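Written below as structure tokens is the structure these notes are about.
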Amino acid sequence: MYRIKCSSIKLIIGANSTIKDFCSIEDSSIAKNVEVGPFARLRNGAVLDDSAKVGNFVEIKQTKIGAGAKANHHAYLGDATIGKKVNIGAGTITCNYDGKVKHKTIVDDGSFVGTNTSLVAPLKIGKKAYVAAGSVITSEVPSGALAFGRAKQTTKKNWKKK
């Protein structure tokens with residue numbers, strides 16, 4: 057049984073998958089037990105493996121989302137391969153275009169990408185690696201490693217506007 061309330065072109069959808077309201081899907085493949093939306097956009101070349109979840113305001117283009125992986129809300133994943141059981145935090149984007157060429161991002165199985173993270177391609181994040189929230193990641197993250205790339209917070213006490 058399918059519940060489809062979206063605009064779609066060239067859509068392949070597997071058993072027991074749900075497409076929630078106000079989604080836009082074109083030239084994509086959705087396996088079984090997948091949840092999409094609401095308000096998700098799957099562009100050309102989006103492939104969602106079994107039990108993947110793409111939530112509200114997530115845009116996917118030329119990207120494979122592995123089995124059991126999830127991007128629950130507010131993310132852009134373009135020209136990427138997301139492994140099995142990966143968590144993509146809210147506000148995560150793949151920065152895939154350098155002005156001339158689109159580059160690939162790979163996030164390997166079991167990894168965790170924290171909220172509001174920019175993944176600057178070309179980039180590989182190894183298996184079961186963690187990326188801290190608010191990071192800008194520009195180089196490879198080995199399997200099992202923790203990566204963070206952000207400036208240290210500075211607080212000015214007794215600051216006054218001039």
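Going letter by letter, the sequence shown gives residues 57 to 218 in my numbering.
From the three backbone atoms N, C-alpha and C, an ideal C-beta is built for every residue, glycine too.
Here the structure is a predicted model, which means the values were calculated and not measured.
Under DSSP, Asn112 takes part in a beta bridge, and its partners are His129.
Put simply, the backbone Cα of Lys156 is about 13 Å away from that of Ala177. Per DSSP, the continuous beta strand (DSSP E) segment holding Thr161 begins and ends at 161-163. DSSP, reduced to helix, strand and coil, places Glu196 outside both helices and strands of the structure shown, so it counts as coil. With respect to the 7 Å criterion, Ala146 and Gly170 are not classified as neighbours on the basis of their beta carbons.
Under the criterion of beta carbons closer than 8 Å, Leu133 and Ala127 qualify as touching, at roughly 6 Å. Listed in chain order, the non-local C-beta contacts of Ala108 below 6 Å within the same chain comprise Val90, Ile121, Ala125, local neighbours out to five positions each way being set aside. Looking at the backbone, the Cα of Gly70 and that of Ile162 are separated by about 25 Å. Leaving aside the five residues that flank Ile144 on each side, the residues in its chain whose CB is nearer than 6 Å to its CB run, in chain order, Ala127, Ala131, Val169. Each of Asp83, Ala136, Arg99 was checked against the Cα of Asn152, and the nearest Cα belongs to Ala136.
Assignment of Lys184 by DSSP, reduced to helix, strand and coil, places it in the coil class. Burial check for Thr210: the Cβ neighbour count within 10 Å stays below 16, so the residue is exposed. A direct Cα-Cα distance of roughly 26 Å separates Asn72 from Ser167.
When the Cα atoms are used, Lys180 and Ser195 turn out to be separated by approximately 8 Å. The C-beta of Arg97 has 16 or more other C-beta atoms within 10 Å across all chains shown, which makes the residue buried.
Contact between Lys117 and Gly139 does not hold, since the beta-carbon distance rounds to 18 Å and is not under 8 Å.
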